Amino acid sequence: MQRKIAAISFLIVIVFCCTSFRFALATNTAPAIRDNLQQQQQNKLRTIVIDAGHGGKDIGARGKYSYEKNVALAIALKLQATLQQALPDVKIIMTRTTDIFDDPRIKANKANAAKGDLFICIHCNSAKPITHSEVTGYKTQTYYTGKGKKRKKHTRKVAVRRYWTTPNPAKGTETYIWAADRNDNKEVAMMENESLYMDSSLAQQLGDFDPGDPTRKMYYTLKTQQYFQRSANLARDVENEFIKIGRTSREARQRGVGIWVLQATAMPSILVETGFISNPEDEDYLNSTSGQQEICNAITNAVMNYKNNLETNSFQSFSQDSLQ
0 MQRKIAAISF LIVIVFCCTS FRFALATNTA PAIRDNLQQQ QQNKLRTIVI DAGHGGKDIG
60 ARGKYSYEKN VALAIALKLQ ATLQQALPDV KIIMTRTTDI FDDPRIKANK ANAAKGDLFI
120 CIHCNSAKPI THSEVTGYKT QTYYTGKGKK RKKHTRKVAV RRYWTTPNPA KGTETYIWAA
180 DRNDNKEVAM MENESLYMDS SLAQQLGDFD PGDPTRKMYY TLKTQQYFQR SANLARDVEN
240 EFIKIGRTSR EARQRGVGIW VLQATAMPSI LVETGFISNP EDEDYLNSTS GQQEICNAIT
300 NAVMNYKNNL ETNSFQSFSQ DSLQ
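With numbering that gives the first Met the number 0 as the guide, the letters of the sequence shown map in order to residues 0 to 323.
Set out below in structure tokens:
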């Protein structure tokens, strides 16, 4: 019940902010910003940034015979070629094309400097082995109570256990967006990089407002909500495309930790966990040429649908708690 109340309260605040912002834009104080925002909402998909997770000294998750950094790079390179063929008018930028390590801040900076309209991060998932135990017998344990003359010796029987692990059966795909409670971080990323992705006219007009002016803050709140909706739509579409090709989908989700780069990129952003490298079946699939191409085809189909939704302004609306 508390979660529902919190969600409803959050939505009320967002509606109030958006309504207030629209009113501010409707006045004579900011007509140019209103016009430029409407134009930006009609932008085409011009640049996609693909990030192959990990790299170099950061190997990521381990399978029986492969590393996440290598699998992610192989899939990312195939995705670059697949997207370029399907969308020849869209520029595809890679954060890495070789086995190098970049700090997440560097990756975010590369994406922002490229003026990306969409950020797609490729990863592999992993699940820890399951620990089992059984009693193999008992032994006598000696222990003492009390001190000095009152010290007494006791014995008791304690179980002797054997421990072993088996592979975790977890398998399938997950597509993440940043958690809604990280929206403030996304707003900061947009404000810090506004000169890169905004047209000069709008950037100058926003610059006329004091940094603490509510109108400026509301612009970024509204823009962040817009990016959240677009990212959620794409994440859902990616998982739906995986389902179509027979993959086990663990659904589109929000995640607040481990995906800082999504919060630091000033654009709609998703992270695709393409499968569990810890699962023998998934690991074979992730390392196969046919499996990698299927993954790329599925993501490309979702991106093409995203592009159409962007051009027709027909994104589905998601509440903040509609993704896990």
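Just so it is clear, CB atoms sit at the ideal spot from N, CA and C, and this is done for glycine as well. Source: prediction; values computed, not measured.
Whole-angstrom C-beta distance between residue j and residue i, which should lie under 8 Å
| i | j | result |
| --- | --- | --- |
| I105 | D50 | Rounded, the Cβ-Cβ distance is 11 Å, inconsistent with contact. |
| S248 | T172 | 6 Å |
| N141 | T154 | Sequence inspection shows Thr at residue 141; the Asn mentioned does not correspond to that position. About 5 Å separates the two Cβ atoms, so the contact holds. |
| L86 | L309 | At roughly 12 Å, the Cβ-Cβ gap does not stay under 8 Å, so L86 and L309 are not in contact. |
| G59 | E67 | 3 Å |
| I91 | Q83 | 5 Å |
| V48 | C123 | About 19 Å separates the two Cβ atoms, so there is no contact after all. |
Spatial distance of residue i from residue j (CA atoms)
| i | j | result |
| --- | --- | --- |
| D281 | N167 | 12 Å |
| D88 | D101 | 28 Å |
| N111 | T81 | 23 Å |
| R252 | K156 | 48 Å |
| P128 | A73 | 26 Å |
| Q262 | Y175 | 12 Å |
| N278 | Y143 | 48 Å |
| W363 | F275 | In the structure displayed, the chain extends from 0 to 323; residue 363 sits before or after that span and is not available. |
| L221 | K185 | 12 Å |
| H53 | E238 | 22 Å |
| I119 | V271 | 7 Å |
| Y305 | N108 | 24 Å |
| S125 | R61 | 8 Å |
| K114 | E250 | 29 Å |
| V159 | D116 | 59 Å |
| F317 | Q224 | 10 Å |
| M303 | I258 | 24 Å |
| N286 | T273 | 11 Å |
| Y226 | G245 | 29 Å |
| D236 | K63 | 31 Å |
| R254 | A234 | 12 Å |
| A169 | V256 | 20 Å |
| G242 | Y284 | The sequence shown places Ile at residue 242, rather than the Gly named in the question. In a straight line, the C-alpha of I242 is about 15 Å away from that of Y284. |
Bridge partner(s) assigned by DSSP for residue i
| i | result |
| --- | --- |
| I119 | I49, I269 |
| W177 | R254 |
| G136 | V159 |
| S326 | As shown, the chain starts at 0 and ends at 323. That puts residue 326 outside it, with no answer to give. |
| F275 | N124 |
| I129 | T165 |
| T141 | T154 |
Worksheet item: Would the region 290–301 and the region 67–77 be scored as touching if the rule is three or more Cβ pairs under 8 Å?
Response: Flag = yes, the region 290–301 and the region 67–77 touch.
Item to complete: Would you list, in sequence order, the uninterrupted alpha helix (DSSP H) runs of no fewer than 4 residues that lie entirely inside the region 50–120?
Response: If we require 4 residues or more, the alpha helix (DSSP H) runs fully inside the region 50–120 come out as 67–85, 103–112.
Worksheet item: Can at least three beta-carbon pairs, one atom from the region 92–100 and one from the region 127–135, be found at a separation below 8 Å?
Response: Touching, no.
Fill in: contact_flag[the region 264–283, the region 227–240] where n(CB pairs < 8 Å) is 3 or more
Flag = yes, the region 264–283 and the region 227–240 touch.
Worksheet item: Is the region 297–308 in contact with the region 141–152, if contact means three or more CB pairs nearer than 8 Å?
Response: The answer is no - the region 141–152 does not touch the region 297–308, with fewer than three Cβ pairs under 8 Å.
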